[in-house]
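Take the sequence shown: its position 107, counted from the start at 1, is 107 in UniProt numbering, and no numbers get skipped. Backbone N, C-alpha and C fix where the C-beta goes; we use that ideal spot for every residue, glycine too.
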Amino acid sequence: MPVFYVLRHLSFESDKEQGWQSLPHLLENSPNLQTLVIKGLLHRVTSRCGDACCCISSKKKNKESSCLSACGVKVLEISGYGGSYRELKQMRHFLGKLKCLETVKIGVEEESNSNNNNNNYNLQANLMTLHRASSKCNIQFI
Numbered sequence: 001m002p003v004f005y006v007l008r009h010l011s012f013e014s015d016k017e018q019g020w021q022s023l024p025h026l027l028e029n030s031p032n033l034q035t036l037v038i039k040g041l042l043h044r045v046t047s048r049c050g051d052a053c054c055c056i057s058s059k060k061k062n063k064e065s066s067c068l069s070a071c072g073v074k075v076l077e078i079s080g081y082g083g084s085y086r087e088l089k090q091m092r093h094f095l096g097k098l099k100c101l102e103t104v105k106i107g108v109e110e111e112s113n114s115n116n117n118n119n120n121y122n123l124q125a126n127l128m129t130l131h132r133a134s135s136k137c138n139i140q141f142i
């Protein structure tokens with residue numbers, strides 16, 4: 001895969017039928033990437049996502065490959081967040097690995113947002129308590 005020196009903004013939409021196997025390679029080969037936008041976190045579980053996702057237990061992952069830890073992304077934007085266990089686990093993974101993060105923007109899924117304010121508060125509270133690898137990281141709900 002070529003190196004994408006001018007790629008600063010990467011946006012993609014997740015699909016429950018497709019895995020994220022190309023994401024580690026894109027992140028590793030985009031040294032100037034600053035913004036990562038993902039519509040929906042749920043995707044097909046595969047063994048080839050590297051450490052871009054939390055599909056494979058950390059015991060099975062190769063400790064040498066660390067596309068997120070080496071990634072310079074400063075802004076992570078997630079839309080369609082529903083607050084499921086898998087989504088929360090994925091957010092924990094991103095926040096714990098992306099060391100340069102400054103801003104995380106989370107758009108809550110309309111169904112989750114319209115159910116009630118209490119549910120929306122719980123979604124926000126769950127995310128705000130997650131450990132962050134970057135001390136500069138601020139979480140915003142959009």
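Note on Ser69: under 16 other CB atoms within 10 angstroms of its CB, so exposed under the neighbour-count rule. Cβ-Cβ separation between Ala133 and Leu98: approximately 6 Å, consistent with a contact (criterion under 8 Å). Taking the Cα positions, Ser11 is about 23 Å away from Leu123. Measuring C-alpha to C-alpha distances from Ser14 to each of Leu26, Lys39 and Arg92 identifies Lys39 as the nearest. Cβ-Cβ distances below 6 Å link Lys105 to Glu77, Gln140 and Ile142 in the same chain, with the five nearest sequence neighbours on each side left out; the list follows chain order.
The secondary-structure analysis by DSSP pairs Ile142 with nothing; it has no beta-bridge partner. Taking each of Trp20, Lys74 and Tyr5 in turn and checking the Cα distance to Lys136, the smallest one comes out for Lys74.
In the three-state scheme derived from DSSP, where H, G and I count as helix and E and B as strand, His9 is classed as strand. Assignment of beta strand (DSSP E) within the UniProt domain "FBD" (66 to 142), counting only whole runs of 3 or more residues, yields 75 to 81, 103 to 108 and 138 to 141 in chain order. In the three-state reduction of the DSSP assignment, Leu26 falls in the helix class.
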